[in-house]
DNA sequence: AACCGCATCTAACCAGTGGTTAGATTATCT
DNA sequence: AGATAATCTAACCACTGGTTAGATGCGGTT
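Protein chains in written order, with the working numbering: chain C, -19 to 170; chain D, -19 to 170.
#1: Could you pull the start and end residues of the alpha helix (DSSP H) that residue 141(D) belongs to?
#2: Please report how far the alpha carbon of residue 71(C) lies from the alpha carbon of residue 93(C), in whole angstroms.
#3: Okay, do the segment 141 to 148 of chain C and the segment 42 to 55 of chain C touch, 3+ Cβ pairs below 8 angstroms being the bar?
#4: Alpha carbon to alpha carbon, how far is residue 108(C) from residue 61(C)? Give it in angstroms, no decimals.
#5: DSSP on residue -19(D), reduced to helix/strand/coil?
#6: Starting from the C-beta of residue 68(D), find all residues in its chain whose C-beta is less than 7 angstroms away, skip the five residues before and the five after it, and write them out in chain order.
#7: Could you work out which residues of chain C lie near residue 146(D), taking near to mean beta carbons separated by less than 7 angstroms?
#8: Strictly under 8 angstroms for the Cβ-Cβ distance: is residue 28(D) near chain C by that measure?
#9: With a cut-off of 8 angstroms on the beta carbons, I'd call residue 80(C) and residue 152(C) a contact; round off their distance for me.
#10: Span of the alpha helix (DSSP H) holding residue 8(D)?
#11: Where does residue 34(C) fall in DSSP's three states?
#12: How about residue 125(D): is its C-beta nearer than 8 angstroms to some C-beta of chain C?
#13: Is the Cβ-Cβ distance between residue 99(D) and residue 45(D) less than 8 angstroms?
#14: Measure the C-alpha to C-alpha separation of residue 77(D) and residue 105(C) and round it to an integer number of angstroms.
#15: Excluding five sequence neighbours on each side, which residues of the same chain lie with their C-beta closer than 6 angstroms to the C-beta of residue 124(D)?
#16: Are any of the Cβ atoms in chain D nearer than 8 angstroms to that of residue 129(C)?
#17: Between the segment 76 to 91 of chain D and chain C, which residues of the former have a C-beta closer than 8 angstroms to a C-beta of the latter?
#18: Can you list, in chain order, the residues of its chain whose CB lies under 7 angstroms from that of residue 25(C), leaving out five sequence neighbours each side?
Shown next as structure tokens:
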């Protein structure tokens, strides 16, 4: 894309469309994103977008896959950095806030192809990370689900503006506060 | 609606449209609901729906308001029946599952008029109930937010099929299990 | 080098959508 | 009864997602 206006046979159109989709969603919401606007933003026809992704749901599937992979990476590195489950929860909320577009798509399976193999794989990887590894005993599984539920609930309620204002404007701080009100200590390390 | 086909000047069109909207959403999802299909189901033109609700977002606002009121009623009666916070949480999850259409609209403010006065009132009433009454001390507020977050997270994760299958098929049972894994005892009665 | 085949993209079309407007129909009030 | 206001339809608009036929340009083969 050297000069500015003529990388036709674009080279990175597929990736550019994904980026444009995320930007478009960030500017509004997943429901109101239009294929044609995404394509416009990338400087192509909407048929070009359909060529690469099959249909609108296919594009949103790609956004969701990207999101689950990003989440997995961020959670992993948070745990490696702090070795602390609280910080994993905080990282989850931070991801939801920093990547609102990705996050909102990820948890609206009615918008994408929920059965897509790549999607299932990316989602499974994230889930496994989130509720503890492999085949935990039932107690550990429950603890993981509980922890995931709290941070997921916090993140979505925050994004929708459903948390009381008195809690302040910093969702990560709220996460720490809420967590401190919860289980004194939940489970062992994985 | 006595005979079958001729209550023109319909009498209860507005309510019938609301019902039709909920049914349509139940059959698919909020995002894919179309005004015209809702109107078709009610036997009128889509312009009639717009006459009563202003626009599509207006109709969805009505669904959300209805949902928040239903939720408030159900939570209230659950607390009165059991005097137990766990049962309030279970009632929250039950509401989400039994009234999936309402629930999904309520927490997608991008779909409706989030500033609508009726909406704000209904939402505030529910919220006040959910994180404890009136002006609780900060600790109680946090406990309420924590509890709400858990059940909200559980409900949304369940609806999206993001909970591990090993937990079984009964979301209310899962709620009790998860809750038992959480705070030994959270707060005093309201 | 010229050619061919394939990947990529556009143009034109389609049915369906949300919203607007003008007018038809019916209830209600005096 | 007659007029006024509420309710609904019909016709239109710009826009959307998706399909199809064809234009454009890339790569490799000879």
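Ideal Cβ placement from N, Cα and C applies to all residues, glycine included.
Based on what the coordinates show:
#1: Note, residue 141(D): premise wrong, no alpha helix (DSSP H); not H, not E.
#2: 27 angstroms
#3: no
#4: 19 angstroms
#5: Because residue -19(D) carries a pLDDT of 35, less than 50, the predicted location of this residue cannot be relied on, and the following value inherits that uncertainty. Coil at residue -19(D), not helix or strand.
#6: 55, 58, 59
#7: 121
#8: no
#9: At roughly 14 angstroms, the Cβ-Cβ gap does not stay under 8 angstroms, so residue 80(C) and residue 152(C) are not in contact.
#10: From DSSP, residue 8(D) is part of no alpha helix (DSSP H); its letter is neither H nor E.
#11: coil
#12: yes
#13: yes
#14: 26 angstroms
#15: 111, 112
#16: yes
#17: 87, 88, 89, 90, 91
#18: 19
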